[in-house]
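Chains A and B, in that order, are what the protein sequence lines are. Okay, so the first sequence: first residue is 31 according to the numbering used here, each after it adds one. Okay, so the second sequence: first residue is 143 according to the numbering used here, each after it adds one. The beta-carbon is built from N, C-alpha and C at its ideal position, and this holds for glycine as well.
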Amino acid sequence: MKQQSISYKLNVETRLDNPGWVGMVSSILGVVLSLIVGGFVLHAAGAADPIATYREIFKEGFGMPADWQAGFTAMFSNTACPKGMLCFGPLSDTLVKTAPILLTSLACIFAFRMKLWNIGADGQMFLGAWAATGVAIFILPKTTDRTVMLAVMALAGILAGLVYGAIPGFLKARLNINEIITTLMLNYVAYKMLEFFVVVGPWSLGGFESTGRFPTSATWPRLTELAKKFPITGGLTVHPGIFLGIAAAILLAWILYRSRWGYEIRVIGNNPKAARYAGINLKRNIILVMSLSGALAGLAGMNEVAALRELTGRFPRGYGFTGVIVAWLARLNPLAAIFVSFLFGGLLVGTKLIQPQGIASMLQGVILFVVVGTELIFRYRVRLEKVEQAVAPETGDVP
Amino acid sequence: MTESPIAFEMRGIVKRFPGILANDHVDFSCQVGSVHALLGENGAGKSTLMNVLAGLYHPEGGEIFIGGRRVSFRSPQDAIANGIGMIHQHFMLVPSHSVAENIVLGLKQPRFFLNLKSVEEQVAVLGEQYSMSVNPRAKIWELSVGEQQRVEVLKMLFRGAKVLLMDEPTAVLTPQEVESLFRTLRDMTVRGHTIVFISHKLDEVVSIADHVTVMRRGKVTAANVPSKGITKPQLAKLMVGRDVLFQIEKKKAQPGEVTLSVENLCADNDRGLPALRNLSLKVHSGEILGIAGVAGNGQRELAETLTGLREPTGGKLMLGNTPLNNHTNWMEVGKQLGHVPEDRSAVGSVPALSVAENLILKNFNRSPIAAGWSINSSAVHDNAVHLVDEYQVATPSVDTLARMLSGGNLQKLILARETSENPKLMIAVHPTRGLDVGATEGVHKLLIKQRDAGAALLLISEDLDELLSLSDRVAVIYEGRLVGEMPARGADIRAIGLMMAGSKADV
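Here it is as structure tokens:
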């Protein structure tokens, strides 16, 4: 006699293939899930209706379709925005924030591609801002042509970031010192160095925590400067820095996917043993990649200081860490980083007015956490399995 | 022979991997107290089937019965609780721990206090019973590979395994160690244990197994064939599905001038201990020098030093007229030097890059692949299409990731890359390890072709049959030096075995 019983069980298996859609889906799912999780946190923090809060964040960060429409109408009739700053103001602010996020995320992407964990983009950015300020105020005369001034500032920022990135790169390549520790610690060195120069030291202007306003030639031209000709641009602070970021992203994508150097980097990043086997010089590449990573972060510093138009003791910290999150969310793809940086720029701008402060950082943290988590989930495949159990007689003899 | 009871029975096992049906309704059973060989080409599904039986894989379909009772394993612990233990090809031992510590590792008992002394005593007793004496206090790294294998066997016996599954147990042993393993296996069957061993070495199967089951492409092609009276060619045909040449056809070697000369080479291993001690050798163009030896006697270090992956601590290396030393630009030398490394996926390829990208690993810095600072992607594509076709690499497309290729195809990819530029010197380390009969034949032909084209070949292998049939000269490496050299034709395999074990034979 044989009895049949049917039951089901969940089978969790490792996925051997990793289809291309996994990255994108887990990124998008990660953002959606973290908005849900963040909603609960917002609610706990006192927001009665988290969805309304998100709406508000979106409105502050990007504006509303009706406002954009009004803006376009005004643009074509060449009048000012009927709603004050509301038409393109939020988008403009977001683009201003996007540029440094994009540049630091590119710095991270480049290093992460080679499995070099540069989490010192913040410090490298500070050094870039410091060097650009030095050029703007103490080296070049005020009357320097704006283009020349900005170009030299950018060069100085790049150079300072490059050197600051090369230090941990050199230590890693020559002495095998963990770059996570060195880059993280060098952040604090950079913070303190800037503090020394600006707050108490030689660059402080009359005891204030600032170098004072840069000469106009050392600041980014803003869209609002065209307000006389095009009234719609009135009050818009957006500047060409974003193009710098996009150009850097395209250049990086070219390097990674089309150049010999990028091939070396991808081989090293995926299998350093195979790279050595192919005769690729690992040490040189570690130093080079860390240098270029630092250079990109340094450029972010120059960009930010030219947008802020002065270097103060409150030069923003944390872009370097946001860059880490953006890099992961963009799956280390430089072009995807453009869009992710834009989203994060909007998040930063949109949450500026929200109390308690730190909502943006909280959401960023949750996003990273959830994205890494969802990626893990996609490594496995879950299948429902039907089990037909033949219940053998207790005596246990074979049928 | 009367029917002994059935040790276990697998019915209709189905196991799928993406794109492959690894086990297609496989039935497999074994009698208590027998040695059963599971034979098949690479990718035939033998290891998959055994991993299912050992609880590592969960089959999509089918049932397993032990003593007439249906069982379902969720983990290897479940399998061992039912008396089934598996010994993997790569040992699962912690090198810095002692034998006894490794044996109790992962056991649920004891929960808190470990009485290592009693474990040590039990292990010693167990070792004596099965004539596999191992010092229970020795650290794993102090043991030879053969001894480590004994530890794995003891580990399973300690856990009460009645059925022992062994995945290619002889791949890493000297001929003498193989004999001793076979004696142990015989002892175990007398004591009522059942052994299943996976192999694709036909000689072994004929000599040790009572029954043979042959698998091909996920299906059983011959079940429970008594090994008495079956011949090697018959088995090979069952395995491959066609007749196989056992003798490698090759012309007499025409050695030319010295291509590789090694003088008093010294190098350290990863732990910083001397691995090569004043090793000297010469390889001429148009000949194959085979290096025989038990794993861990400096073969890896020799290959790595010759290919720039390890810095020598002394000695002189010459490739033709070019000295190889710390100042060598290895990317330049790469043109003249082909290297088939020991570890296909960890060293020889980049699993996360495509087939096409893997095929340019050696020449990406040269025209036509390189174009200024950039890489000419159409040249990369053409190069890949050409090589995949010429070397018959089975891949869905040249953009497929290398990690999706089977071992044999990955090896073909590496060989394609390493031989297509006709290097002056080829260094091949275990070129056919883990490959099936058909793929092995292909690799052998390729290597012979290189030799006939005038390349010097250094072949490092643990497979003595392969070494003797492929090489023109054979040298034996023991503890970092060459202890003997002889022409491969007519070499005495017992003498080589003794030299591999360290006794200086008068050859």
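Review point. Which chain A residues are close to residue 490 of chain B, counting only those with a beta carbon under 8 Å from its beta carbon?
Key: As a first step, residue 490 of chain B is located in the second sequence; it is residue number 348 there, counting from the start. Ordered by position in chain A, the residues that pass the 8 Å Cβ test against residue 490 of chain B are 304, 307.
Review point. Of all the CB atoms in chain B, is at least one closer than 8 Å to the CB of residue 218 of chain A?
Key: As a working note, residue 218 of chain A is residue 188 in the first sequence. Not an interface residue.
Practice item. Taking only beta-carbon positions, decide if residue 300 of chain A is within less than 8 Å of chain B. Key: By 1-based counting over the first sequence, the position of residue 300 of chain A is 270. With 8 Å as the cut-off, residue 300 of chain A counts as an interface residue toward chain B.
Point to revise | Interface partners of residue 493 of chain B on chain A, CB under 8 Å | key: Taking the second sequence and counting its residues from 1, the one referred to as residue 493 of chain B is at position 351. 300, 301, listed in chain order.
Point to revise | Residues that residue 236 of chain A bridges to, as DSSP identifies them | key: As a working mapping, residue 236 of chain A is identified with position 206 in the first sequence. None; residue 236 of chain A has no bridge partner.
**Study point:** Reduced DSSP secondary structure (H/G/I, E/B, other) of residue 428 of chain A
**Key:** Locating residue 428 of chain A in the first sequence gives position 398, counting from the first residue. Bear in mind that the predicted position of residue 428 of chain A carries a pLDDT of just 39, short of 50, making it unreliable; the figure below should be weighed with that in mind. Note: residue 428 of chain A maps to coil in three-state DSSP.
Review point. Interface residues of chain B around residue 293 of chain A at Cβ under 8 Å?
Key: Your numbering for residue 293 of chain A matches position 263 in the first sequence. In chain order: 499, 502, 506, 517.
**Study point:** residue 290 of chain A: contacting residues in chain B (beta-carbon distance under 8 Å)
**Key:** Here residue 290 of chain A corresponds to residue number 260 of the first sequence, with the count starting at 1. Contacts between residue 290 of chain A and chain B, judged by CB atoms closer than 8 Å, involve 506, 507, 512, 515, 516, 517 in chain order.
Exercise for review: Counting only runs of 3+ residues fully inside the region 350-418 of chain B, write out the beta strand (DSSP E) ranges in chain order.
Suggested key: 353-358, 361-368, 400-410
Check your understanding: In three-state DSSP terms, what is residue 92 of chain A?
Key -> Residue numbering aside, residue 92 of chain A sits at position 62 when the first sequence is read from its first letter. It is helical.
**Study point:** CA-to-CA distance, residue 192 of chain A to residue 394 of chain A, given in whole angstroms
**Key:** Position 364 of the first sequence, counted from the first residue, corresponds to residue 394 of chain A. Position 162 of the first sequence, counted from the first residue, corresponds to residue 192 of chain A. Each residue's alpha carbon lies about 27 Å from the other.
Check your understanding: Considering only residues of the region 298-327 of chain B, which uninterrupted beta strand (DSSP E) runs meet the minimum length of 3 residues and lie entirely inside it, listed in chain order?
Key -> 305-309
Check your understanding: So, helix, strand or coil for residue 31 of chain A, using DSSP?
Key -> For the purposes of this step, residue 31 of chain A is taken as residue 1 along the first sequence, with counting starting at 1. Bear in mind that a pLDDT of 46 at residue 31 of chain A, under 50, signals an unreliable position, so the model cannot answer this.
Check your understanding: How about residue 336 of chain B and residue 209 of chain B: are their beta carbons less than 8 Å apart?
Key -> Taking the first residue of the second sequence as position 1, residue 336 of chain B is located at position 194. Taking the first residue of the second sequence as position 1, residue 209 of chain B is located at position 67. Cβ atoms of residue 336 of chain B and residue 209 of chain B: not closer than 8 Å.
**Study point:** Residue interval of the alpha helix (DSSP H) (run including residue 155 of chain A)
**Key:** Against the first sequence, residue 155 of chain A aligns to sequence position 125. Residues 151-163.
Point to revise | Inter-stretch contact (C-beta, 8 Å, three-pair minimum) for the region 583-601 of chain B and the region 562-572 of chain B | key: yes
**Study point:** residue 306 of chain A vs residue 451 of chain B beta-carbon contact at 8 Å
**Key:** As a working mapping, residue 306 of chain A is identified with position 276 in the first sequence. As a working mapping, residue 451 of chain B is identified with position 309 in the second sequence. Going by C-beta atoms, residue 306 of chain A is nearer than 8 Å to residue 451 of chain B.
**Study point:** 7 Å Cβ cut-off: residues of chain A touching residue 451 of chain B
**Key:** Within the second sequence, numbered from 1, the residue matching residue 451 of chain B stands at position 309. Chain A residues near residue 451 of chain B: 306, 307.
Practice item. Could you tell me which residues DSSP pairs with residue 146 of chain B in its beta bridges? Key: The sequence position of residue 146 of chain B within the second sequence is 4, counting from 1. Beta-bridge annotation (DSSP): residue 146 of chain B is not paired with any residue.
**Study point:** Close Cβ partners of residue 456 of chain B (< 6 Å) along its chain, the five nearest in sequence each way excluded
**Key:** Stepping through the second sequence from its first residue, residue 456 of chain B is reached at position 314. Excluding residues within five positions, the ones whose Cβ falls inside 6 Å are 408.
Review point. Counting contacts by CB-CB distance shorter than 8 Å, is residue 296 of chain A in contact with chain B?
Key: The residue labelled residue 296 of chain A in the question sits at position 266 within the first sequence. Answer yes: the Cβ-Cβ gap between residue 296 of chain A and chain B drops below 8 Å somewhere.
Review point. Can residue 131 of chain A and residue 357 of chain A be called in contact, C-beta distance under 8 Å?
Key: Numbered from its first residue, the first sequence carries residue 131 of chain A at position 101. Numbered from its first residue, the first sequence carries residue 357 of chain A at position 327. Not in contact: residue 131 of chain A and residue 357 of chain A (Cβ atoms no closer than 8 Å).
Practice item. Check whether the region 200-212 of chain A touches the region 377-386 of chain A, counting contact only when three or more Cβ pairs, one atom from each stretch, lie closer than 8 Å. Key: Counting C-beta pairs closer than 8 Å gives fewer than three between the region 200-212 of chain A and the region 377-386 of chain A, which falls short of the contact rule.
**Study point:** For residue 336 of chain B: DSSP bridge partner residues
**Key:** By 1-based counting over the second sequence, the position of residue 336 of chain B is 194. Paired residues: B/305.
Point to revise | Interface residues of chain A facing residue 192 of chain B [CB-CB closer than 7 Å] | key: In the second sequence, the residue the question calls residue 192 of chain B occupies position 50. Under the 7 Å cutoff, chain A gives no residues; its nearest Cβ is about 18 Å from residue 192 of chain B.
Exercise for review: Anything in chain A within Cβ reach of residue 476 of chain B, meaning under 9 Å, just list it in chain order.
Suggested key: The residue given as residue 476 of chain B occupies position 334 in the second sequence. From the beta-carbon of residue 476 of chain B, the residues of chain A found nearer than 9 Å are 308, 309.
Review point. Does the Cβ-Cβ distance between residue 168 of chain B and residue 203 of chain B come in under 8 Å?
Key: What you label residue 168 of chain B is simply residue 26 of the second sequence in a count that begins at 1. What you label residue 203 of chain B is simply residue 61 of the second sequence in a count that begins at 1. Result no, Cβ atoms of residue 168 of chain B and residue 203 of chain B do not sit closer than 8 Å.
Point to revise | Beta carbon of residue 146 of chain A nearer than 8 Å to that of residue 326 of chain A | key: Within the first sequence, numbered from 1, the residue matching residue 146 of chain A stands at position 116. Within the first sequence, numbered from 1, the residue matching residue 326 of chain A stands at position 296. Not closer than 8 Å, so no.
Check your understanding: Do residue 347 of chain B and residue 338 of chain B have their C-beta atoms closer together than 8 Å?
Key -> Here residue 347 of chain B is taken as the residue at index 205 of the second sequence, counted from 1. Here residue 338 of chain B is taken as the residue at index 196 of the second sequence, counted from 1. No.
Check your understanding: How would you call residue 443 of chain B, buried or exposed, if buried means at least 16 neighbouring beta carbons within 10 angstroms?
Key -> If you number the second sequence from 1, residue 443 of chain B lands on position 301. Taking all protein chains shown into account, residue 443 of chain B has 16 or more neighbouring C-beta atoms within 10 Å of its C-beta and is therefore buried.
Review point. Quick one: what does DSSP say residue 399 of chain A is sitting in, helix, strand or coil?
Key: Within the first sequence, residue 399 of chain A is the residue found at index 369, counting from 1. It is helical.
Check your understanding: What first and last residue would you give for the beta strand (DSSP E) that runs through residue 258 of chain A?
Key -> Within the first sequence, numbered from 1, the residue matching residue 258 of chain A stands at position 228. From DSSP, residue 258 of chain A is part of no beta strand (DSSP E); its letter is neither H nor E.
Practice item. Please say whether residue 431 of chain B and residue 404 of chain B have beta carbons closer to each other than 8 Å? Key: As a position in the second sequence, residue 404 of chain B is number 262, starting the count at 1. As a position in the second sequence, residue 431 of chain B is number 289, starting the count at 1. Their beta carbons are not under 8 Å apart, which means residue 404 of chain B does not touch residue 431 of chain B by this criterion.
Practice item. Within the region 499-553 of chain B, note down every full alpha helix (DSSP H) run reaching 4 residues or more, in order along the chain. Key: As far as the region 499-553 of chain B is concerned, its whole alpha helix (DSSP H) runs of at least 4 residues are 519-532.
Exercise for review: Determine the extent of the beta strand (DSSP E) in which residue 590 of chain B is found, giving its start and end residues.
Suggested key: The residue you call residue 590 of chain B lines up with position 448 of the second sequence. That residue, residue 590 of chain B, is in no beta strand (DSSP E); its alpha helix (DSSP H) goes 579-594.
**Study point:** chain A contact for residue 483 of chain B (CB, 8 Å cutoff)
**Key:** Here residue 483 of chain B refers to the residue found at position 341 when the second sequence is read from its first residue. By this cut-off, residue 483 of chain B is an interface position.
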